[in-house]
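In this note's numbering, the protein residues as written are 31 to 553. Where is the CB? At the ideal position from N, CA and C, for every residue including glycine.
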């Protein structure tokens, strides 16, 4: 029987086939709000500057932050000049760009996976935005509304001034500028982390960014970041540890940055983009699809050690395929005709990306598409025994139609139980400590570590030895043997709480000029 051979090419390693809301601003604002930042408001001048630059990139078929005045569609060399040209009142403007995704939501996702562009979207100082897309290029211009207000009115009565405004005649008192420019920070969280707490649908992988934070890696796990709020910390806290574990508590290996260890910061950032308040970790290997991860950030503030734990989950394949295979080597697998599968080819080295797939077959024509640069979606149809052979980088996979398969159901873990101790977070007094879940007396010490769970003054071991309930504070005041003495009192002097004839005797004792009554144990 004749075999047919075809090849498909990966058009963009950032392709992720996921359904999102149709409004890009709403989607981006959901990310901001989940992170503890105020939502962006739409600004017409920034919209215009973003659209102008989008037109420039489309006309010249180039992805760039800088424009050349000799090219078609030129409106300004840099983002801040293009914004001012469009009527924006000052030049404190940042810009994010992307290319090669099908929707604005996927564009935002790709930029959030890129650490420098992520920090731009999660900037404490920016609160207004203009956006433009034409289905190929996406432009995001971000600015500060507080500064816009200052530039509109001009606030100056003498003394030291600054002139950040497009209209250079508008002066602003330096003190007013300093006080109000960072006003947005005051309404933001102390620490902004991403992925945020209990965030789901996170891509499991990071590929490339320009500038490149990982020049020796083309594929790695999705980065986890934390930025401290200057409004909350006068000096940058010292990060002592930043780690990531999977849902089973296994630590993920992180990429090291020369002598600086596994945390990227202002010292280890190869492009000098990080501030002293920004930190990130990059898992060495891709994260798994549909899986739960727990990040732990330990830091020091003026000698005070603090810890922040949070959980997030990666995107599940369940909305795209029926089952999946995790491919680590050349392999023969089976498929049920008409069933959709994901073939996730686990990278074996730092540049292991599938740029194309070639295949031969004697089934009906395979239906094939990329999910990302290491995962393809495939469906075979035909008679039992027919097969297709796929060549993906260094891996060869033979897929034979059969009546059953050995593929896995896509995982879809959640953060309902962040520490994986079997107790849902809503019922867990310590949702990020798998050794504790209950705190009966509310003293901040879990029952497993607390020697007096009900805080009745009788240790748990003594209560258990005497038939009392260590979780019932009322036991201490009860009188089991009805001898007129509480259980707590009898136990404190060694009396038996179940023997009416075994009890303390109150004896008056004179101490100097004072008289007190103490229990005296007498049998």
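*Would you decide whether residue 280 is buried or exposed? Buried here means 16 or more other CB atoms lie within 10 Å of its CB.*
Taking the chain shown and counting its residues from 1, the one referred to as residue 280 is at position 250. Residue 280 should be labelled exposed.
*Nonlocal neighbours in the same chain, by C-beta distance under 7 Å from residue 443, ignoring five residues either side*: Mapped onto the chain shown, residue 443 falls at position 413. Result list for residue 443: 277, 320, 321, 322, 343, in chain order.
*Can you give, in chain order, each stretch of the alpha helix (DSSP H) that sits fully within the stretch 192 to 280 and has at least 4 residues?*
204 to 211, 213 to 216
*Note down, in chain order, each residue of its chain lying with its Cβ closer than 7 Å to the Cβ of residue 102, except the 5 sequence neighbours on either side.*
As a first step, residue 102 must be located in the chain shown, where it is residue number 72. The answer, listed in chain order, is 89, 90.
*If you draw a straight line from the C-alpha of residue 368 to the C-alpha of residue 411, how long is it?*
Locating residue 368 in the chain shown gives position 338, counting from the first residue. Locating residue 411 in the chain shown gives position 381, counting from the first residue. Going by the C-alpha atoms only, they are around 5 Å apart.
*How many Å lie between residue 63 and residue 421 at the Cα?*
Within the chain shown, the letter at position 33 stands for residue 63. Within the chain shown, the letter at position 391 stands for residue 421. Those two C-alpha atoms are separated by around 43 Å.
_Continuous beta strand (DSSP E) stretch holding residue 390: start and end_ = By 1-based counting over the chain shown, the position of residue 390 is 360. Per DSSP, residue 390 belongs to the beta strand (DSSP E) from 386 to 391.
*Contact between the stretch 365 to 385 and the stretch 213 to 229: three or more CB pairs below 8 Å?*
no
*Consult DSSP for residue 438 and reduce its assignment to one of helix, strand or coil.*
Against the chain shown, residue 438 aligns to sequence position 408. Residue 438: strand per DSSP, three-state reduction.
*Taking the alpha helix (DSSP H) that residue 137 falls in, what are its first and last residues?*
Taking the chain shown and counting its residues from 1, the one referred to as residue 137 is at position 107. It spans 134 to 143 - the alpha helix (DSSP H) in which residue 137 sits, taken as one unbroken run.
*Just tell me which of 265, 266, 264, 282 has its CA closest to the CA of residue 272.*
The count along the chain shown starts at 1 and reaches residue 272 at position 242. Comparing Cα positions, the closest option is 282.
*Neighbour-count burial assignment, residue 453, 16 or more Cβ in a 10 Å radius*: On the chain shown, residue 453 is found 423 positions in, with the first residue counted as 1. The residue in question, residue 453, is buried, as its Cβ has 16 or more Cβ neighbours within 10 Å.
*Pick out whichever of 510, 158, 463 has its Cα sitting closest to the Cα of residue 69.*
For the purposes of this step, residue 69 is identified with residue 39 of the chain shown, where counting begins at 1. Residue 158 is the option with its Cα nearest to residue 69.
*In whole angstroms, what is the alpha-carbon distance linking residue 97 and residue 141?*
Translated into the one-based positions of the chain shown, residue 97 becomes position 67. Translated into the one-based positions of the chain shown, residue 141 becomes position 111. Roughly 21 Å between the two C-alpha positions.
*Where residue 254 falls, given that 16 or more other Cβ within 10 Å makes a residue buried*: Here residue 254 refers to the residue found at position 224 of the chain shown. That one is buried.
*Give the range of the alpha helix (DSSP H) segment to which residue 168 is assigned.*
Walking along the chain shown from the start, residue 168 turns up at place 138. No alpha helix (DSSP H) contains residue 168, which is instead part of the beta strand (DSSP E) from 167 to 173.
*In whole angstroms, what separates the C-alpha of residue 473 from that of residue 304?*
Indexing the chain shown from 1 puts residue 473 at position 443. Indexing the chain shown from 1 puts residue 304 at position 274. Answer to the nearest angstrom: the Cα atoms are 40 Å apart.
_Please state the DSSP three-state secondary structure of residue 339._
If you number the chain shown from 1, residue 339 lands on position 309. Strand, per DSSP.
*Could you tell me if residue 117 is buried or exposed, where buried requires 16 or more neighbouring beta carbons within 10 angstroms of its beta carbon?*
Working through the chain shown from its first residue, we reach residue 117 at position 87. Exposed is the call here.
_What does the alpha-carbon distance come out to for the pair residue 193 and residue 200?_
Indexing the chain shown from 1 puts residue 193 at position 163. Indexing the chain shown from 1 puts residue 200 at position 170. Answer to the nearest angstrom: the Cα atoms are 7 Å apart.
*asked:* I need the straight-line Cα distance from residue 269 to residue 75, nearest angstrom please.
replied: Your numbering for residue 269 matches position 239 in the chain shown. Your numbering for residue 75 matches position 45 in the chain shown. Rounded to whole angstroms, residue 269 to residue 75 spans 39 Å at the Cα level.
*Exposed or buried, what is residue 123 when buried is set at 16 or more other beta-carbons lying within 10 Å of its beta-carbon?*
Here residue 123 refers to the residue found at position 93 when the chain shown is read from its first residue. By the neighbour-count rule (16 or more Cβ atoms within 10 Å), residue 123 is buried.
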